[in-house]
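Colleague: Have a look at this one.
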Amino acid sequence: MTPQFSAPKGTYDLVPPRASAFKAVTDALSGAAERAGYAYISTPMFEDTALFERGVGESTDVVTKEMYTFEDKGGRSLTLRPEGTAGVMRAVVEHHLLSGQLPLKLWYTGPNFRYERPQSGRYRQHVQVGIEAVGVDDPLLDAEVVAVGDEGFRALGLRDYTLGLTSLGCAQCRPAYRALLTLFLDGLDLDEDTRRRAKVNPLRVLDDKRPAVRDQLGAAPLPPDHLCAECAEHFATVQEALQGMGVSFQIDKRLVRGLDYYTRTTFEFTSHRLGAQAAVGGGGRYDGLIESIGGPSASGVGWGLGVDRTLLACDAEGLDLEPAARVQVYAVPLGHQARLALSALAGQIRGAGLSVDMAFGARGLKGAMKGADRSGARVALIAGDRDMSAGTVVVKDMADGSQREVPITEAVSAVTALLGGPEVS
Ligand code: HAM
1 MTPQFSAPKG TYDLVPPRAS AFKAVTDALS GAAERAGYAY ISTPMFEDTA
51 LFERGVGEST DVVTKEMYTF EDKGGRSLTL RPEGTAGVMR AVVEHHLLSG
101 QLPLKLWYTG PNFRYERPQS GRYRQHVQVG IEAVGVDDPL LDAEVVAVGD
151 EGFRALGLRD YTLGLTSLGC AQCRPAYRAL LTLFLDGLDL DEDTRRRAKV
201 NPLRVLDDKR PAVRDQLGAA PLPPDHLCAE CAEHFATVQE ALQGMGVSFQ
251 IDKRLVRGLD YYTRTTFEFT SHRLGAQAAV GGGGRYDGLI ESIGGPSASG
301 VGWGLGVDRT LLACDAEGLD LEPAARVQVY AVPLGHQARL ALSALAGQIR
351 GAGLSVDMAF GARGLKGAMK GADRSGARVA LIAGDRDMSA GTVVVKDMAD
401 GSQREVPITE AVSAVTALLG GPEVS
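Position one of the sequence shown corresponds to residue 1 (our numbering), numbered consecutively onward.
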């Protein structure tokens, strides 16, 4: 039968076992954040449109071309979040979270929506794991944020990627640099659209991937060459701290990210194994963002790592994240009494902290054992009605095929011993 519906363009379904690999990426990236004391936060998937316009920036592709904006039945303009930082900062301000201990350290995960041209690694719905550290302007915090991202990728086994690092300056030094860059751009042969963008944010042009623009940018003044003394010192300390932590990086003076809020430290992780969409994560400092959305003057630094792309990078590096087994134990009951007894036993096994599934639907031994094989379980528990009258169950080690009969009352400890404890004969 041809399905009548398919997932919308630019989106895809995650089905088992691929979905488990996706979850393993999410867990590894967020695990790195939790080990550094970041607390979980969750915010709505849609926000007031104005939050993104102000927060993400009106010169960005994300805001001008890619937002899923709609009016709700109450006439409000809402937008599906294209990224996580603006919403998290809105929540930080709304709940006065900066009145507690600083820095405030948060991590989050969830889907983001951007109306982009779909291609491998670029989707209209993508998932990020993100962290934000707010309220302390300390270069060591920038270094920690970067290092935690690096640790997340390493925990997955990824090795073939580069961390590009730059500094975009601050509210003090940016205006002079901006004027210098504008002067340079004025002398170039740029189309109307690019000129318009340059007026709103000239740094955006440095990010232009089109050869006609790129080729003219060779002699452009670059942000890290025009930092004020404070920014230069901040940047130097970030580098020194990263070196001390053993995190490799490359200075990338041309790095400008696709969002307007960045100040000072800015970085991107790029996989060498992916095609055009190779950025597996990125972030930086955003010292004016919180104020620009109506909050106090507070600094922040964070990243968003793309789960979809990170999984593609894992594929490309030959890392298999799909679990070998769906459950540890699989029960094979044959007959009515056995079905009742093993379903009760399954509950006890779960109670002991192990995972278990069983053959449902009164299947014969062959079919049920196929189910046990497919589940990847290390242990099968097999029982017929005759075993029930004897009060026993067969415990089969699926790894070597050996089996023994145990009283059903001892089944949980026999299974536990087989899975984790000493070898049983
Ligand atoms: P971003 O660079 O726009 O930053 O997105 C972060 C990561 O999400 C990218 O490096 C990429 O891996 C993934 N990503 C973005 N768009 C797509 C897409 N269309 N399809 C698949 N993956 C995608 C942010 O969103 C910032 N909020 C990060 C941040 C947090 N900066 C400071 N704090």
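Built from N, CA and C at the ideal position, the CB exists for glycine as well.
Note that the structure is a prediction, hence the values are computed from the model and not measured.
#1: Taking the continuous beta strand (DSSP E) assigned at ILE382, which residues delimit it?
#2: Going by DSSP, what residue range makes up the alpha helix (DSSP H) through ASP186?
#3: One question on the structure: do ALA331 and ILE382 come within less than 9 Å of each other, judged by their Cβ atoms?
#4: Let's see if you can read the secondary structure: which residues bound the beta strand (DSSP E) around MET245?
#5: Among LEU274, ASP137, ASN112, whose alpha-carbon lies nearest the alpha-carbon of PRO103?
#6: Here's the rule: buried if 16 or more other CB atoms are within 10 angstroms of the residue's CB, otherwise exposed. What is ALA229?
#7: What are the start and end residues of the beta strand (DSSP E) that includes LEU165?
#8: Please determine whether the Cβ atom of GLY361 lies at a distance below 8 Å from any heavy atom of the ligand HAM.
#9: Does the separation of the CB atoms of THR43 and GLY87 fall below 9 Å?
#10: Using DSSP bridges, identify the partner residues of GLN337.
#11: Tell me the DSSP bridge mates of ILE251?
#12: In the stretch 92 to 164, which residue ranges form an unbroken alpha helix (DSSP H) of at least 4 residues, counting only runs that do not cross its ends?
#13: From the DSSP output, in three-state form, read off LYS73 for me.
#14: Identify the continuous alpha helix (DSSP H) that holds LEU418 and give its terminal residues.
#15: Whole angstroms are fine: how far does the CA of ALA133 sit from the CA of ALA36?
#16: Counting pairs of beta carbons, one from the stretch 276 to 283 and one from the stretch 174 to 189, are three or more of them closer than 8 Å?
#17: Pull up the DSSP beta-bridge partners for VAL327, would you.
#18: Can you check which of these residues, SER292, ASP320, THR416, is closest to ALA351 by C-alpha distance?
#19: Quick check: does the Cβ of VAL301 come within less than 8 Å of any heavy atom belonging to the ligand HAM?
#20: Would ASP189 and GLN172 be called neighbours here (beta carbons separated by less than 9 Å)?
#21: Could you tell me whether the stretch 141 to 155 touches the stretch 229 to 247, using the rule of 3 or more Cβ pairs below 8 Å?
#22: Where do the ends of the alpha helix (DSSP H) carrying SER297 lie?
#23: Expressed to the nearest angstrom, what Euclidean distance is found between the alpha-carbon atoms of LYS9 and ARG124?
#24: Relative to the C-alpha of VAL412, which candidate in GLY218, GLY371, GLN328, ARG386 has its C-alpha closest?
#25: Which partner residues of THR266 appear in the DSSP bridge assignment?
#26: Distance, Cα to Cα, LEU80 vs ALA338?
#27: Is any non-hydrogen atom of the ligand HAM found closer than 8 Å to the C-beta of GLY500, if you look at the structure I gave you?
#28: For PRO422, which of helix, strand or coil comes out of DSSP?
#29: Using 8 Å as the cut-off, classify the Cβ of GLY288 as near or not near the heavy atoms of the ligand HAM, replying yes or no.
#30: Please tell me whether PRO139 and HIS226 are closer than 9 Å, where the distance is taken between their beta carbons.
#31: I'd like the list of long-range same chain contacts for ARG204, defined as Cβ closer than 6 Å, with 5 residues on each side in sequence excluded.
#32: Going by DSSP in three states, GLY31 sits in which element: helix, strand or coil?
#33: Count Cβ pairs between the stretch 148 to 164 and the stretch 108 to 125 that sit closer than 8 Å; are there 3 or more?
#34: By DSSP's criteria, SER271 is part of a beta bridge. Which residues make up the other side?
#35: For the candidate residues ARG54, GLY157, ARG264, GLY384, whose alpha-carbon lies nearest to that of SER428?
#36: Do you know how far the Cα of PRO323 is from the Cα of PRO17?
Modeller: Walking through what the data contain:
#1: Numbered from 1 along the sequence shown, position 382 holds the residue referred to as residue 382. Residues 379 to 384.
#2: Locating residue 186 in the sequence shown gives position 186, counting from the first residue. From DSSP, the alpha helix (DSSP H) with ASP186 extends over 174 to 186.
#3: What you label residue 331 is simply residue 331 of the sequence shown in a count that begins at 1. What you label residue 382 is simply residue 382 of the sequence shown in a count that begins at 1. Yes; because the gap between Cβ atoms is below 9 Å, this pair is in contact.
#4: Here residue 245 corresponds to residue number 245 of the sequence shown, with the count starting at 1. Where MET245 is concerned, there is no enclosing beta strand (DSSP E), although the alpha helix (DSSP H) it sits in stretches over 229 to 245.
#5: Counting from one through the sequence shown, the residue named residue 103 turns up at place 103. If we check each option's Cα against that of PRO103, ASP137 comes out closest.
#6: Numbered from its first residue, the sequence shown carries residue 229 at position 229. Exposed is the label assigned to ALA229, since fewer than 16 other Cβ atoms lie within 10 Å of its Cβ.
#7: Taking the sequence shown and counting its residues from 1, one reaches residue 165 at position 165. In the DSSP assignment, LEU165 falls within the unbroken beta strand (DSSP E) covering 161 to 167.
#8: To locate residue 361, count along the sequence shown from 1; it is residue 361. No; taking the cut-off as 8 Å, the Cβ of GLY361 has no heavy atom of the ligand HAM nearer than that.
#9: Looking up residue 43 in the sequence shown gives position 43. Looking up residue 87 in the sequence shown gives position 87. In contact: THR43 and GLY87 (Cβ atoms closer than 9 Å).
#10: As a first step, residue 337 is located in the sequence shown; it is residue number 337 there, counting from the start. According to DSSP, GLN337 bridges with nothing at all.
#11: Taking the first residue of the sequence shown as 1, we reach residue 251 at position 251. For ILE251, which the question treats as bridged, DSSP gives the partners LEU165.
#12: If we require 4 residues or more, the alpha helix (DSSP H) runs fully inside the stretch 92 to 164 come out as 139 to 156.
#13: The sequence position of residue 73 within the sequence shown is 73, counting from 1. Coil, per DSSP.
#14: Here the question's residue 418 lines up with position 418 in the sequence shown. Residues 411 to 419.
#15: For the purposes of this step, residue 36 is taken as residue 36 along the sequence shown, with counting starting at 1. For the purposes of this step, residue 133 is taken as residue 133 along the sequence shown, with counting starting at 1. If you draw a straight line from the Cα of ALA36 to the Cα of ALA133, it is about 11 Å long.
#16: No, because fewer than three Cβ pairs between the stretch 276 to 283 and the stretch 174 to 189 fall closer than 8 Å, the two stretches do not touch.
#17: Mapped onto the sequence shown, residue 327 falls at position 327. None, per the DSSP bridge assignment.
#18: Start at 1 with the first residue of the sequence shown, and residue 351 comes out as number 351. Looking at the sequence shown, residue 351 is not Ala but Gly. That would be THR416, whose Cα lies nearest to the Cα of GLY351.
#19: In the sequence shown, residue 301 corresponds to position 301, counting from 1. VAL301: yes, Cβ under 8 Å from the ligand HAM.
#20: Taking the first residue of the sequence shown as position 1, residue 189 is located at position 189. Taking the first residue of the sequence shown as position 1, residue 172 is located at position 172. No. Outside cutoff.
#21: Per the Cβ contact rule, the stretch 141 to 155 is in contact with the stretch 229 to 247 (3 or more Cβ pairs under 8 Å).
#22: Counting from 1 along the sequence shown, the entry for residue 297 is found at position 297. Looking at the DSSP string, SER297 is not in any alpha helix (DSSP H), and its letter there is neither H nor E.
#23: For this step, residue 9 is matched to residue 9 along the sequence shown. For this step, residue 124 is matched to residue 124 along the sequence shown. Across the structure, LYS9 and ARG124 are spaced so that their CA atoms are roughly 8 Å apart.
#24: Locating residue 412 in the sequence shown gives position 412, where the first residue counts as 1. Closest option to VAL412, Cα to Cα, is GLN328.
#25: Counting from 1 along the sequence shown, the entry for residue 266 is found at position 266. For THR266, DSSP records a beta bridge to THR166, GLY284.
#26: As a first step, residue 80 must be located in the sequence shown, where it is residue number 80. As a first step, residue 338 must be located in the sequence shown, where it is residue number 338. Their Cα atoms are separated by approximately 51 Å.
#27: An answer regarding residue 500 cannot be provided, because it is not within the stretch 1 to 425 covered by the chain.
#28: Counting from 1 along the sequence shown, the entry for residue 422 is found at position 422. With a pLDDT of only 42 at PRO422, under the threshold of 50, the placement of this residue in the model should not be trusted, and no figure is reported.
#29: Sequence index remark: in the sequence shown, residue 288 carries index 288 (1-based). No, the Cβ of GLY288 stays beyond 8 Å of every heavy atom of the ligand HAM.
#30: Here residue 139 is taken as the residue at index 139 of the sequence shown, counted from 1. Here residue 226 is taken as the residue at index 226 of the sequence shown, counted from 1. Against a cut-off of 9 Å, the Cβ pair of HIS226 and PRO139 comes out as no contact.
#31: The residue you call residue 204 lines up with position 204 of the sequence shown. Counting only Cβ-Cβ distances below 6 Å, and skipping sequence neighbours, we find SER59, ARG197.
#32: Here residue 31 is taken as the residue at index 31 of the sequence shown, counted from 1. Note: GLY31 maps to helix in three-state DSSP.
#33: Result no; under three Cβ-Cβ pairs closer than 8 Å.
#34: By one-based count along the sequence shown, residue 271 stands at place 271. For SER271, which the question treats as bridged, DSSP gives the partners TYR161.
#35: Outside the shown range of the chain, which is 1 to 425, sits residue 428, and nothing can be said about it.
#36: In the sequence shown, residue 17 corresponds to position 17, counting from 1. In the sequence shown, residue 323 corresponds to position 323, counting from 1. For the pair PRO17 and PRO323, the Cα-to-Cα distance works out to about 8 Å.
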